[in-house]
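Residue numbers (our numbering): 276 to 774.
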């Protein structure tokens, strides 16, 4: 039962929603006609101005008028539902993996394999398999807004400080193809160097690198190897579990449709992902020294998202596992460091037997970073056929023409999935992701296809509440956590099927 305040808030929300619906109806129905060629419903309010700008430019070039409606409230989905059942249906609308089932069941999602124009079919086919919006059976429902990705972020100036500036470029390239055993040895040696000043020699991709005999202004600030946000379950519950899932499930839709046999095959990859978590959390940096696993490790005042970024930006850790979205956060703390940061692959102790994806090798897996698409443009199958065709031509122009690409890169500040070697950002993390994408060294985001809440409330919660709070783990910890994760996956999926 709602409290009085909640009732008032709900009534106010419904009033505002109704008012907005009436406004939308007035905007688009007029006297029963349409004063536009096609209509875009955009739920990304942060790019509203950029979308208006690009549509105006396209209109000047083609003579077409595009109506754009952008909204960023949680009621956006309700407004979209209303428009889908009106006589002013959008031809293009925003969609993500969570909303696919509703729009697919309602018959609103156009499979782009059946697009009206050959250009759109070709564009859709060019989307990397792991980035395609699909519910299975080969369907391809959307054109990506933007590409995001994550890995180990490192300041190249820190590599200069640890191994000598003349070795930095080779070190970075050799790290990309290094084995897990080489990585683990590097972590141990770096920890020794931080604590005792004696790191000795390490090997990456078989090549030898020796720690500098003396610490400099940067390396002397180090408190640990990794900056870890122990209080933020999503940073490991979603992102670290994703590496385990990628060993068996190569896409979001593969995770959504995983068989019991595939879920059981996740056991060893899950165990090994937890092994990496133990390695990272055993060598974590704090603001004033080493951050030990303890109740403080999951305290948001000492180990939250902002604190983890602060520790990295202050050169108190070598690595932070994060995504390209942290660029602006780091820039606010240390404007200099953002000029020299880059992204490297997370290493996993997998064997070839652990990986069930055809064609994927351990070497390629450990040279790749997860890249994925948070939102897509979809074509409304129930819009008028001529509007669908015009919408397809617009999306093709946006994603393939020089002018369209300029808008995506400079106005939206997005990484286009079609990015090539000529695309360059001020954000070096974006540039690093483009490099991996161009090389084909990318993993997918099956974690988004796991049963709802599984990543954070099962994998993440177990680690946070039972293991990050204690320094020593029992010998069978990896297996116990993996078994519980598999059991809860099946239980949550069954619960979802019953609903």
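Using N, Cα and C, we set each Cβ at its ideal position, and we do this for glycine too.
Report back the beta-carbon spacing between residue 720 and residue 527 to the nearest angstrom; my notes put them in contact at under 8 angstroms. Correct: roughly 6 angstroms between the Cβ atoms.
Pull up the DSSP beta-bridge partners for residue 418, would you. BP columns for residue 418 point to 652.
Are there 16 or more other CB atoms within 10 angstroms of the CB of residue 665, so buried, or fewer, so exposed? That one is buried.
Out of 749, 351, 600 and 722, which one is the CA nearest neighbour of residue 533? Ranked by how close their Cα comes to the Cα of residue 533, the residues 749, 351, 600 and 722 have 722 in first place.
Residue from 742, 676, 414 and 334 whose Cα sits closest to the Cα of residue 572: That would be 742, whose Cα lies nearest to the Cα of residue 572.
Out of 410, 454 and 487, which has the shortest C-alpha to C-alpha gap to residue 443? Considering only alpha carbons, the answer is 487.
Just list the beta strand (DSSP E) runs in the segment 307-365, keeping only unbroken ones of 3 residues or longer that don't cross its boundaries, in chain order. With a minimum length of 3 residues, the continuous beta strand (DSSP E) runs that stay inside the segment 307-365 are 313-317 and 341-345.
Per-residue DSSP class, three states only, for residue 556: Helix, per DSSP.
With a threshold of 8 angstroms, are at least 3 pairs of Cβ atoms found where one atom belongs to the segment 360-374 and the other to the segment 308-321? Enough Cβ pairs lie closer than 8 angstroms, so yes.
Mapping DSSP to helix, strand and coil, what is residue 597? In the structure shown, residue 597 falls within a strand segment according to DSSP collapsed to helix, strand and coil.
Per DSSP, which one or two residues make a beta bridge with residue 756? In DSSP, residue 756 forms no bridge with anything.
Can you tell me whether residue 597 is buried or exposed, with buried defined as 16 or more other CB within 10 angstroms of its CB? Label assigned to residue 597: buried.
Validate contact between the segment 621-628 and the segment 636-650 using beta carbons, cut 8 angstroms, 3 pairs: By the Cβ rule, the segment 621-628 counts as touching the segment 636-650, because three or more pairs are nearer than 8 angstroms.
Coil, strand or helix - residue 429 by DSSP: Correct three-state label for residue 429: strand.
What three-state label does DSSP hand residue 660 in the structure shown? DSSP places residue 660 in helix when its eight states are reduced to three.
Identify whether residue 367 lies in helix, strand or coil by the three-state DSSP scheme. Note: residue 367 maps to strand in three-state DSSP.
For residue 473, the nearest candidate out of 454, 494 and 609 (CA to CA): If we check each option's Cα against that of residue 473, 494 comes out closest.
Quick one: is residue 498 buried, meaning 16 or more other Cβ sit within 10 Å of its Cβ, or exposed? With 16 or more Cβ atoms within 10 Å of its Cβ, residue 498 is classed as buried.
So which of 765, 738 and 437 has the shortest CA-CA distance to residue 753? Considering only alpha carbons, the answer is 738.
So which of 418, 452, 511 and 341 has the shortest CA-CA distance to residue 641? Per the Cα distances, 452.
Roughly how many angstroms separate the alpha carbons of residue 789 and residue 677, rounded to a whole number? The chain is shown from 276 up to 774; residue 789 falls before or after that span and cannot be answered.
For residue 770, does the count of other Cβ atoms within 10 angstroms reach 16, so buried, or fall short, so exposed? So residue 770 counts as exposed.
Check whether the Cβ atoms of residue 618 and residue 426 sit closer than 7 angstroms, and answer yes or no. For residue 618 and residue 426, yes; Cβs fall inside 7 angstroms.
Using the C-alpha atoms, what's the distance from residue 406 back to residue 323? For the pair residue 323 and residue 406, the Cα-to-Cα distance works out to about 24 angstroms.
With hydrogens ignored, establish whether the beta-carbon of residue 462 is closer than 6 angstroms to any heavy atom of the ligand ZN. For the ligand ZN, the structure offers nothing, since it holds no ligand at all.
Taking DSSP as the reference, what is the three-state secondary structure of residue 616? When DSSP states are grouped into helix, strand and coil, residue 616 belongs to the strand group.
Let me know if residue 297 comes out buried or exposed under the rule of 16 or more other beta-carbons within 10 Å of its beta-carbon. In this prediction, residue 297 has a pLDDT of 47, which is less than 50 and means its spatial position is unreliable; nothing more can be read from the coordinates.
Please say whether residue 669 and residue 325 have beta carbons closer to each other than 7 angstroms? 7 angstroms or more divides the Cβ of residue 325 from the Cβ of residue 669.
Pair within 7 angstroms by beta-carbon distance, residue 391 and residue 582: No, these two residues do not count as a Cβ contact at 7 angstroms.
Sufficient close CB pairs (3 or more, under 8 angstroms) joining the segment 496-513 to the segment 367-383: Fewer than three beta-carbon pairs drawn from the segment 496-513 and the segment 367-383 are found closer than 8 angstroms, and the two stretches are therefore not classed as touching.
Residues that residue 483 bridges to, as DSSP identifies them: Note: residue 483 is bridge-paired with 478 in the DSSP secondary-structure output.
Buried or exposed, going by whether 16 or more other CB atoms sit within 10 Å of the CB of residue 696? With fewer than 16 Cβ atoms within 10 Å of its Cβ, residue 696 is classed as exposed.
Nearest residue (CA-CA) to residue 420, options 689, 353 and 593: Cα-wise, what sits closest to residue 420 is 689.
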